Each structure stands twice: as structure tokens, then as C-alpha cells.
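Worksheet: the structure to be examined is printed underneath.
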Amino acid sequence: MHAEYVFRVRFRLDARRVRTEPETFETIVRLPAEPPGADGWLFFRNALWRGEVNDDAYARELASDWLDVPVEDVTFREFECDEAYREAMETEIGRDLGTFNADSVEEVFHKYFGSSIRLQS
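Using this note's numbering, the first residue of the sequence shown is number 8, and each one after it goes up by one.
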């Protein structure tokens, strides 16, 4: 079972004694998803909305912590998961749709991920 959140992150080097060119860089960051039901598995509910970062300042703060550099921009790209993770996630979401204020698992996926879920084999 495997899943990752994929973000495009633009960060800035904060060099004090030297000058760098360029000063900003872009990279792809892959954040491993916690197994459904584990602590932290609801990251998507707390950080995403319709396939976008729902709070830019919070996302930049998180990415700065992940990379240990000042982050200027974070864009959610996609959620990659295998079939086993997706099935486990569907089961866990289905246990308590009220938590997500939704009538179906598919509605939950659409609310938080938009069309940004990619199944890996």
C-alpha cells in the first residue's frame, strides 16, 4: 500500500555570505501519505480543497519545515496512490461520511482532491 502527495515548491536560498544565481529554485516534493485511519491520514482534509492548497501561508510553512528553506510558493499537483491504498481510503472515508460533510466517498474525493488523483500500478 503506497500513496504520496505531490507538490511543486518554489523556494529561496537565504545565503548571507555569498550571492547565488539563481536565488530561487523550483522542485517537486513528494510527501508520503499516512495509512488510512492512522494519525495524520486526514492531511488531505486539512490542507486541500478542490485539488488546490486551501491555505497558502500554512502550505508555505509546512513546505519550509519539510525543506528547511524559505518557501515562496506551494502548488498541489496530485495525489498518487496504488489500488490498495485507494480501497483502504474509500473504506475509511465510508465509515464516517459525516466527518467530511458528504453523502458519498466520491463526493469526498471531489471536494478535497478535485481531479488530482492518479492511480499507480
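Each residue gets a CB set at the ideal place from its N, CA and C atoms; glycine is no exception.
Since this is a predicted model, take the numbers as computed values, not measurements.
Figure out for me which residue from the options has the closest Cα to the Cα of residue i.
i	options	result
glutamate 79	Ala45, Cys88, Arg67	Arg67
lysine 118	Val60, Pro77, Arg19, Gln127	Val60
leucine 20	Thr31, Tyr12, Arg57, Val13	Thr31
alanine 45	Ser128, Ser123, Ile100, Gln127	Ile100
aspartate 89	Ser128, Pro39, Leu49, Thr82	Ser128
tryptophan 48	Phe86, Thr82, Ala109	Phe86
leucine 38	Thr82, Glu94, Pro77, Ala91	Thr82
Taking the Cβ atom as the reference point for each residue, do residue i and residue j lie within a distance shorter than 8 Å?
i	j	result
phenylalanine 120	leucine 74	no
arginine 5	arginine 84	With the chain covering only 8 through 128, there is no way to say anything about residue 5.
proline 29	methionine 96	no
arginine 52	phenylalanine 116	no
glycine 58	serine 111	no
In or out: residue i buried (at least 16 other Cβ within 10 Å) or exposed?
i	result
tyrosine 65	exposed
alanine 22	exposed
leucine 69	buried
Taking the straight line between their C-alpha atoms, what separation do you get for residue i and residue j?
i	j	result
serine 71	alanine 10	21 Å
isoleucine 35	valine 13	7 Å
aspartate 103	valine 25	53 Å
alanine 109	arginine 125	22 Å
methionine 8	alanine 91	5 Å
glutamate 114	glutamate 94	15 Å
proline 77	threonine 98	38 Å
Would residue i count as contacting chain B if we go by Cβ distances under 8 Å?
i	result
glycine 58	The structure shown contains no chain B; it holds only a single protein chain.
What runs of the beta strand (DSSP E), each 3 residues or longer, lie entirely inside the stretch 47-113? Those beta strand (DSSP E) runs which fall completely within the stretch 47-113 and span 3+ residues are 78-89.
Contained beta strand (DSSP E) runs [length at least 3] in the stretch 11-50, N- to C-terminal order: If we require 3 residues or more, the beta strand (DSSP E) runs fully inside the stretch 11-50 come out as 31-39.
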